[in-house]
Amino acid sequence: MHAFTSIKNQEARVTALQNEIEHLQKELGEDIDAGEIVKRHIKLLHQYNEAKDATQILIGRLATLKETTIRQIHNDYDLPEAD
């Protein structure tokens, strides 16, 4: 069951959220589009993941050639075992 929220409380909440949006937009910059920042960030994450996947494939192949484990390759080259 949902709690009843008065119209006055709802209006106060809307005003508070609008003020927060204005504050964050000023902090971000008036001419900056947050959506564009998010799109760029997602694009960079995709590029990072593709590079990481390719690296893991190469490490796997190197481990096969050396007849050792991927973990051992990580240890041999001082690579982190976790992302």
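Using the numbering used here, the first residue of the sequence shown is number 1471, and each one after it goes up by one.
Here a beta-carbon is modelled for each residue, glycine too, at the ideal position from N, C-alpha and C.
Between Ile1540 and Ile1527, the C-beta gap is not smaller than 8 Å, which leaves the two residues out of contact. Residues of the same chain with their beta carbon placed closer than 8 Å to that of Glu1490 are lacking, with the five preceding and five following residues left out of the count. Going by DSSP, Tyr1518 is part of the alpha helix (DSSP H) stretching over 1504–1535.
In the structure shown, Leu1549 adopts coil according to DSSP, grouped into three states. In the displayed model, Thr1539 falls within coil according to three-state DSSP, outside both helix and strand.
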